[in-house]
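The opening position of the sequence shown corresponds to residue 0 in numbering that gives the first Met the number 0, with each subsequent residue numbered one higher.
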Amino acid sequence: MVKPNLQPSIEEALKIHRQSIDAIDSALLRLLNERAVHAQEIGHLKDKQTVYRPEREAQVLSRLLAENAGPLDNDAIALLYRQVMSACRALEQRLRVGYLGPAGTFSESAVLRHFGSFVDAQPCVSLDEVVRSVEKGQNQYAVVPIENSTEGAVGRTHDLMLDTTLQICAEVKLRIQQNLITHAPSLDAIRTVYSHPQSLAQCAQWLAQHLPGVECTPVGSNAEAARLASLARDTAAIASENAAALYHLNILAPHIEDMPNNTTRFWVLGKQAPGPSVRDMTSLVMSAPNKPGAVYRLLEPLEKHGVSMTRLESRPARTGLWEYFFFVDLEGHRNDPAVSATLEELGQLAPFLKILGSYPMAVV
Numbered sequence: 000m001v002k003p004n005l006q007p008s009i010e011e012a013l014k015i016h017r018q019s020i021d022a023i024d025s026a027l028l029r030l031l032n033e034r035a036v037h038a039q040e041i042g043h044l045k046d047k048q049t050v051y052r053p054e055r056e057a058q059v060l061s062r063l064l065a066e067n068a069g070p071l072d073n074d075a076i077a078l079l080y081r082q083v084m085s086a087c088r089a090l091e092q093r094l095r096v097g098y099l100g101p102a103g104t105f106s107e108s109a110v111l112r113h114f115g116s117f118v119d120a121q122p123c124v125s126l127d128e129v130v131r132s133v134e135k136g137q138n139q140y141a142v143v144p145i146e147n148s149t150e151g152a153v154g155r156t157h158d159l160m161l162d163t164t165l166q167i168c169a170e171v172k173l174r175i176q177q178n179l180i181t182h183a184p185s186l187d188a189i190r191t192v193y194s195h196p197q198s199l200a201q202c203a204q205w206l207a208q209h210l211p212g213v214e215c216t217p218v219g220s221n222a223e224a225a226r227l228a229s230l231a232r233d234t235a236a237i238a239s240e241n242a243a244a245l246y247h248l249n250i251l252a253p254h255i256e257d258m259p260n261n262t263t264r265f266w267v268l269g270k271q272a273p274g275p276s277v278r279d280m281t282s283l284v285m286s287a288p289n290k291p292g293a294v295y296r297l298l299e300p301l302e303k304h305g306v307s308m309t310r311l312e313s314r315p316a317r318t319g320l321w322e323y324f325f326f327v328d329l330e331g332h333r334n335d336p337a338v339s340a341t342l343e344e345l346g347q348l349a350p351f352l353k354i355l356g357s358y359p360m361a362v363v
């Protein structure tokens with residue numbers, strides 16, 4: 000007697016899983032629209048108050064990532080929910096966000112990573128224009144690079160923060176993945192490589208090993224490099240995947256950066272001061288008296304109140320020879336008692352002190 004095969008066939012198993020996915024998709028669609036309705040109601044209750052609340056978005060993401068049991072990783076979950084929040088936010092108002100252009104730069108990628116796709120990303124020709132566009136009300140927010148993990152601080156952004164009235168509202172950390180993009184069929188066919196000077200520096204070892212003797216030409220942006228590379232088959236650019244897609248170029252060699260954890264940190268600038276979230280950062284700039292031990296004494300309030308400093312960056316003050324401003328990042332919000340007490344004491348010790356903002360740390 001032949002025993003019946005009680006195991007479902009592959010086709011039957013696929014059908015069961017696909018039916019389950021269809022049912023889940025229908026439930027997700029209903030719940031997403033239900034979420035959007037609540038977001039709209041919140042918008043009506045706020046009555047034209049600020050649409051973008053970075054502290055609230057950080058709280059939502061932090062809670063979801065803490066609850067995430069997989070198999071989707073935290074980066075995927077954060078990306079999905081950034082898009083959900085972006086779409087819901089756009090029901091109230093589509094934000095205008097300035098960045099250092101042209102389209103296809105890593106700055107644009109930072110805008111989309113933080114705000115999602117449902118914004119009007121506005122390219123600007125310089126960091127000065129990015130900041131001024133928000134000061135003048137042309138854009139509501141600006142995304143500006145502040146430091147790179149391998150190349151260090153972005154000096155012009157630091158200088159602009161001394162004069163602007165804008166506040167830091169949030170930070171974005173973008174993993175920089177450099178790609179060699181081109182119409183050329185092989186490395187042997189490439190005679191010139193275009194890219195931003197920082198990108199060339201970040202890929203110096205790879206270029207020396209794989210393209211020795213090839214001319215490396217610095218240009219104003221990686222997007223401009225991609226445009227130039229699109230004009231001739233014996234040229235290439237070092238740029239992002241977005242730039243490759245924008246200029247219809249092939250990625251001949253992906254991830255050619257010398258340091259695998261190469262990351263750029265960006266600040267989101269605006270006219271609002273976010274409240275406390277889950278994990279916050281306070282950034283400030285101060286000067287030190289021109290006397291021995293002055294900088295050491297400025298750091299004493301941090302130890303006294305148990306406040307952790309995560310970054311100390313000096314910049315020439317341009318007000319006198321060998322005078323400097325010190326840019327400092329502190330863990331905690333300016334409303335936290337320990338941070339508040341520290342800032343009060345620093346205000347008494349430092350000849351110049353400007354609080355640049357308290358804002359949520361990047362979640363992922």
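Ideal Cβ positions, reconstructed from N, Cα and C, are used throughout, including at glycine.
Remember, predicted model here, so these are calculated numbers, not experimental data.
Leaving aside the five residues before and after residue 210 along the sequence, list all residues of the same chain whose C-beta is less than 8 Å from its C-beta, in chain order. Taking the sequence shown and counting its residues from 1, one reaches residue 210 at position 211. Non-local beta-carbon contacts of residue 210 in its own chain, meaning distances under 8 Å to residues more than five positions away in sequence, involve 186, 189 and 192 in chain order.
Taking 7 Å as the cut-off, decide whether the C-beta atoms of residue 355 and residue 145 are in contact. The residue labelled residue 355 in the question sits at position 356 within the sequence shown. The residue labelled residue 145 in the question sits at position 146 within the sequence shown. No, Cβ-Cβ distance for residue 355 and residue 145 is not below 7 Å.
Unbroken alpha helix (DSSP H) run spanning residue 85, endpoints: Taking the first residue of the sequence shown as position 1, residue 85 is located at position 86. Residues 73 to 91.
Could you pull the start and end residues of the beta strand (DSSP E) that residue 312 belongs to? As a position in the sequence shown, residue 312 is number 313, starting the count at 1. Annotation for residue 312: the continuous beta strand (DSSP E) segment containing it runs 308 to 315.
If you drop the 5 nearest sequence neighbours on each side, which residues of the same chain put their C-beta closer than 6 Å to that of residue 162? As a working note, residue 162 is residue 163 in the sequence shown. Within the same chain, and ignoring the five residues on either side of residue 162 in sequence, no residue has its Cβ closer than 6 Å to its Cβ.
C-alpha distance - residue 54 paired with residue 12, whole-angstrom precision: In the sequence shown, counting from the first residue as 1, residue 54 sits at position 55. In the sequence shown, counting from the first residue as 1, residue 12 sits at position 13. Those two C-alpha atoms are separated by around 44 Å.
Sort out for me which residues DSSP pairs residue 330 with in a bridge. In the sequence shown, residue 330 corresponds to position 331, counting from 1. Beta-bridge pairing links residue 330 to 280.
Applying the 10 Å Cβ sphere with the 16-neighbour rule, what's the burial state of residue 143? Numbered from 1 along the sequence shown, position 144 holds the residue referred to as residue 143. That one is buried.
Report the CB separation of residue 332 from residue 279 in whole angstroms; it is logged as a contact under 8 Å. On the sequence shown, position 333 is the one that residue 332 refers to. On the sequence shown, position 280 is the one that residue 279 refers to. About 4 Å; that satisfies the 8 Å criterion.
Those residues which DSSP pairs with residue 352 across a bridge: For the purposes of this step, residue 352 is taken as the residue at position 353 of the sequence shown. In DSSP, residue 352 forms a bridge with 285.
What do you get for residue 111, buried or exposed, if any count of 16 or more other CB atoms within 10 angstroms of its CB means buried? Position 112 of the sequence shown, counting from 1, holds the residue named residue 111. Burial call: buried.
Pick from 76, 290, 291 and 86: whose alpha carbon is nearest that of residue 36? As a working note, residue 36 is residue 37 in the sequence shown. The residue from 76, 290, 291 and 86 with its alpha-carbon nearest to that of residue 36 is 86.
Between the Cα of residue 91 and the Cα atoms of 348, 342, 43 and 270, which residue gives the shortest distance? Reading the sequence shown from its first residue, position 92 is the one you call residue 91. Cα-wise, what sits closest to residue 91 is 43.
Return no unless some Cβ of chain C is closer than 7 Å to the Cβ of residue 350. In the structure shown, chain C cannot be found, because there is only a single protein chain.
What beta strand (DSSP E) runs, 3 residues minimum, are completely inside the stretch 169 to 240? 178 to 181, 191 to 194, 214 to 217 and 234 to 238
Over the uninterrupted alpha helix (DSSP H) stretch that includes residue 155, give me the two end residues. Within the sequence shown, residue 155 is the residue found at index 156, counting from 1. Residues 154 to 162.
Is the number of C-beta pairs between the stretch 172 to 186 and the stretch 249 to 266 that are closer than 8 Å three or more? yes
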